[in-house]
Amino acid sequence: MNDSTNETPAFKADYTIIGPVSMIFAATSVIITSYILIIILSTRQLHTVTRLLTCNTCFASMLFCVTQFIAYTYLLVIKWDTSDQSCRWRGYFGYMSMIAFIYSYLLQVISRFFFIVLSTKYRWLTSAKTHLCMIFIAWTIIIILPLPTILTNDIIFRKDDLCWVPKKYKLHCYYMVAVCYVIPILLIIIFNINIFARLYHNRKHTIAHGTTRRHDREYLVSRNIMISFSAYFIGGVPYMLYIFSGVGLLYSMGVVTITFAVSMEKLVIIYLDGELRSMIRNYLCQTKTAVVPFAVNVGVTTLR
Numbered sequence: 001m002n003d004s005t006n007e008t009p010a011f012k013a014d015y016t017i018i019g020p021v022s023m024i025f026a027a028t029s030v031i032i033t034s035y036i037l038i039i040i041l042s043t044r045q046l047h048t049v050t051r052l053l054t055c056n057t058c059f060a061s062m063l064f065c066v067t068q069f070i071a072y073t074y075l076l077v078i079k080w081d082t083s084d085q086s087c088r089w090r091g092y093f094g095y096m097s098m099i100a101f102i103y104s105y106l107l108q109v110i111s112r113f114f115f116i117v118l119s120t121k122y123r124w125l126t127s128a129k130t131h132l133c134m135i136f137i138a139w140t141i142i143i144i145l146p147l148p149t150i151l152t153n154d155i156i157f158r159k160d161d162l163c164w165v166p167k168k169y170k171l172h173c174y175y176m177v178a179v180c181y182v183i184p185i186l187l188i189i190i191f192n193i194n195i196f197a198r199l200y201h202n203r204k205h206t207i208a209h210g211t212t213r214r215h216d217r218e219y220l221v222s223r224n225i226m227i228s229f230s231a232y233f234i235g236g237v238p239y240m241l242y243i244f245s246g247v248g249l250l251y252s253m254g255v256v257t258i259t260f261a262v263s264m265e266k267l268v269i270i271y272l273d274g275e276l277r278s279m280i281r282n283y284l285c286q287t288k289t290a291v292v293p294f295a296v297n298v299g300v301t302t303l304r
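Residue numbers 1 to 304, in the UniProt record's numbering, belong to the letters of the sequence shown in order.
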């Protein structure tokens with residue numbers, strides 16, 4: 001996500017403005033995400049496979065926001081660290097956290113595919129054990145994919161620039177765009193086409209009322225996942241347009257909109273998940289309600 005090369009760029013991002021704004025959005029997202037995690041982990045009735053993957057997405061988004069916050073702290077405050085290796089590691093964690101976030105949504109879509117399309121024939125695919133294995137495999141892939149950032153010398157320290165792969169390394173840039181956005185988004189689209197096609201087919205041929213209600217629930221869960229993911233996807237559009245157009249203003253917009261989108265995505269999750277929203281509302285009401293002691297005078301009549 002760095003727009004600089006060894007030559008003087010036509011456009012220079014002003015991180016003194018967009019950096020603090022992005023940090024504010026990142027900190028806000030961490031606070032909201034922490035609250036969601038606390039509510040889910042402390043409420044037994046929310047301990048479901050679907051919420052397990054929601055927690056995984058929350059953890060990934062926290063990692064992304066913390067990584068972004070640290071990156072801007074080094075850029076704006078810790079200016080004395082000019083080590084190339086340190087910069088490469090910041091770049092690695094930056095890319096890894098982006099990959100982790102979007103792949104966590106891919107896991108949610110794959111889980112919906114298991115529940116809706118394959119659960120009848122392969123019931124074990126919907127178990128918590130299977131989903132834990134999926135999370136483990138996904139994080140292994142997430143750790144491996146951005147390794148070129150530390151195995152090559154493409155990322156070097158550049159004054160007043162973030163530690164991303166410069167655009168002059170086109171192959172490396174296209175690789176990161178592919179693994180960070182293009183491949184997972186295409187997979188999400190393909191899985192969702194299959195999911196909604198099956199839901200449409202089931203709804204059309206279902207007669208029993210109870211089964212229809214179950215399909216309605218599956219549809220709502222799948223729809224909510226896509227809506228919350230869309231909030232993040234829209235935030236990444238300016239940067240993706242910058243990669244192919246080279247318009248510097250789109251880069252500056254992308255720096256801010258990505259962290260803003262992560263914050264909005266968390267609010268969308270709360271809004272769409274009725275059960276989670278109800279738990280949060282009840283918790284807030286309990287903390288605001290003051291318990292006022294009162295005395296009741298009871299008249300005692302003594303019989304003589």
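Cβ coordinates follow ideal geometry from the N, Cα and C atoms, glycine included.
According to DSSP, is residue 125 helix, strand or coil? helix
Less than 8 Å between the CB atoms is what I'm expecting for residue 279 and residue 43, so what's the real figure, rounded? 6 Å
What is the DSSP secondary structure of residue 222, counted as helix, strand or coil? helix
What did DSSP end up calling residue 20 once you bin it into helix, strand or coil? helix
Which runs of the alpha helix (DSSP H) at least 4 residues long sit entirely within the region 123-173? Give them in chain order. 128-144, 148-151
Counting only the same chain and skipping the five closest in sequence on each side, list residues whose C-beta sits under 7 Å from that of residue 258. 235, 236, 239
Of the choices 149, 181, 196, 49, whose alpha-carbon is the least far from that of residue 166? 149
At a cut of 8 Å, does the region 68-77 reach the region 132-149 through at least three beta carbon pairs? no
I think residue 51 touches residue 221, with their Cβ atoms under 8 Å apart; what is that distance to the nearest whole Å? Not really, about 11 Å apart at Cβ, beyond 8 Å.
For residue 170 and residue 154, what's the separation of their Cα atoms in angstroms? 11 Å
Which listed residue (285, 183, 140, 226) has its alpha carbon closest to that of residue 195: 226
Proximity test, Cβ basis, 8 Å: residue 56 and chain C: Looking for chain C here will not work: only one protein chain is present.
Own chain, CB closer than 7 Å to residue 19, minus 5 neighbours either side, in chain order: 72, 75, 76
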